[in-house]
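Engineer: In the working numbering, the protein residues as written are 32 to 236.
Note that CB positions come from ideal geometry on N, CA and C, so glycine has one too.
Remember, it's a predicted structure, so these values are computed and weren't measured experimentally.
Here's a structure for you.
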């Protein structure tokens with residue numbers, strides 16, 4: 032049992048190392064300009080090891096994106112009983128915070144900093160495989176968020192709509208920021224998107 036647990040930890044550590052290397056390289060060079068061989072070299076593993084963990088270079092970013100999605104879900108689960116419409120913008124801003132000085136130390140493998148995210152997202156329009164990974168992580172996050180909302184008492188229909196709108200707000204905010212980084216910051220874009228898309232939703236007040 033201990034041997035099995037140690038093996039699992041080593042595998043998880045290797046996966047995190049590969050994911051962090053992929054994120055850094057994608058941000059530095061663009062997704063299309065990076066190869067699996069470069070990612071493996073940056074992570075300190077063989078190319079064969081890389082392909083044991085990931086089928087494509089783009090898949091290597093999924094673990095870090097998933098960590099960010101998990102933080103978003105956990106933050107949603109902690110929202111109080113009062114108006115969701117009033118609280119969700121604050122949750123969005125907290126997830127897209129840019130000054131981490133008050134948020135504690137956080138390593139690169141625990142999620143993407145916004146500067147790194149910018150480099151990754153710039154590859155979405157040029158690399159369909161990267162967009163597939165991005166949309167898959169968002170879809171999974173939306174499904175998990177739907178369960179969280181149902182657990183807090185929302186009907187299936189209301190939970191489905193709110194999970195869709197909330198998840199899409201973060202996604203759209205980040206994508207639009209990546210397309211125009213000199214414009215409004217991602218938190219502002221995401222909050223604006225949520226407020227625009229949630230106007231017709233019931234059960235938020």
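1. Which residues in the same chain as residue 103 place their Cβ atom closer than 7 Å to its Cβ, once the five residues preceding and following it in sequence are excluded?
2. Which residues in the same chain have their Cβ closer than 8 Å to the Cβ of residue 231, if we skip the five residues on either side of it in sequence?
3. Hey, quick one: how far does the alpha helix (DSSP H) through residue 97 stretch, first residue to last?
4. From what residue to what residue does the alpha helix (DSSP H) around residue 173 run?
5. Is DSSP giving residue 40 helix, strand or coil here?
6. Quick check on the DSSP output: the alpha helix (DSSP H) that includes residue 79 runs from which residue to which?
7. Which class does residue 228 belong to by DSSP, given the choice of helix, strand or coil?
8. Would you check if the stretch 49-69 and the stretch 80-95 touch, i.e. whether three or more CB-CB distances between them fall below 8 Å?
9. What does a CB cutoff of less than 7 Å around residue 198 pick up in its chain, not counting 5 residues either side in sequence?
10. On a CA-only basis, which of 210, 205, 39 is nearest residue 219? Give me that one, please.
11. Taking the alpha-carbon of residue 191 as reference, which of 209, 211, 214, 229 has the nearest alpha-carbon?
12. Near residue 69, which residues of its chain fall below 7 Å by C-beta distance, leaving aside the five closest residues on each side in sequence?
13. Can you round the beta-carbon distance between residue 92 and residue 164 to whole angstroms, since I take them to be within the 8 Å contact cut?
14. Pop quiz: residue 52 and residue 95 are said to be a contact at Cβ under 8 Å. What is the actual Cβ separation, rounded to whole angstroms?
15. I believe residue 151 touches residue 58 by the beta-carbon criterion, under 8 Å. Please report the beta-carbon distance rounded to the nearest angstrom.
16. What is the DSSP secondary structure of residue 147, reduced to helix, strand or coil?
17. DSSP three-state label for residue 128, please.
18. Residue 222 and residue 120 - do their beta-carbons sit closer together than 7 Å?
19. Less than 7 Å separating the beta-carbons of residue 49 and residue 84?
Structural biologist: Looking at the coordinates:
1. What you label residue 103 is simply residue 72 of the chain shown in a count that begins at 1. Closer than 7 Å at Cβ, skipping near neighbours: 126, 172, 201.
2. As a working note, residue 231 is residue 200 in the chain shown. Contacts found: none.
3. Indexing the chain shown from 1 puts residue 97 at position 66. Unbroken alpha helix (DSSP H) run through residue 97: 93-108.
4. Taking the first residue of the chain shown as 1, we reach residue 173 at position 142. Element bounds for residue 173: 159-182.
5. Here residue 40 corresponds to residue number 9 of the chain shown, with the count starting at 1. Helix, per DSSP.
6. As a first step, residue 79 is located in the chain shown; it is residue number 48 there, counting from the start. Note, residue 79: alpha helix (DSSP H), 78-84.
7. Looking up residue 228 in the chain shown gives position 197. Three-state DSSP puts residue 228 in a helix.
8. yes
9. The residue you call residue 198 lines up with position 167 of the chain shown. So the list reads 169, 172, 173, 176, once near-sequence residues are dropped.
10. Taking the first residue of the chain shown as position 1, residue 219 is located at position 188. Closest by alpha carbon: 205.
11. In the chain shown, residue 191 corresponds to position 160, counting from 1. The shortest Cα separation from residue 191 among 209, 211, 214, 229 belongs to 229.
12. For the purposes of this step, residue 69 is identified with residue 38 of the chain shown, where counting begins at 1. The residues are 56.
13. Here residue 92 is taken as the residue at index 61 of the chain shown, counted from 1. Here residue 164 is taken as the residue at index 133 of the chain shown, counted from 1. Sure, about 6 Å apart at Cβ, within 8 Å.
14. Along the chain shown, one-based indexing puts residue 52 at 21. Along the chain shown, one-based indexing puts residue 95 at 64. At roughly 11 Å, the Cβ-Cβ gap does not stay under 8 Å, so residue 52 and residue 95 are not in contact.
15. Here residue 151 corresponds to residue number 120 of the chain shown, with the count starting at 1. Here residue 58 corresponds to residue number 27 of the chain shown, with the count starting at 1. Right, their Cβ atoms sit about 6 Å apart.
16. By one-based count along the chain shown, residue 147 stands at place 116. Helix, per DSSP.
17. The sequence position of residue 128 within the chain shown is 97, counting from 1. Looking at residue 128 - three-state DSSP - the assignment turns out to be coil, as it is neither helix nor strand.
18. Residue 120 sits at position 89 when you count from the first residue of the chain shown. Residue 222 sits at position 191 when you count from the first residue of the chain shown. In this structure, residue 222 lies closer than 7 Å to residue 120 by Cβ.
19. Here residue 49 is taken as the residue at index 18 of the chain shown, counted from 1. Here residue 84 is taken as the residue at index 53 of the chain shown, counted from 1. Yes, Cβ-Cβ distance for residue 49 and residue 84 is below 7 Å.
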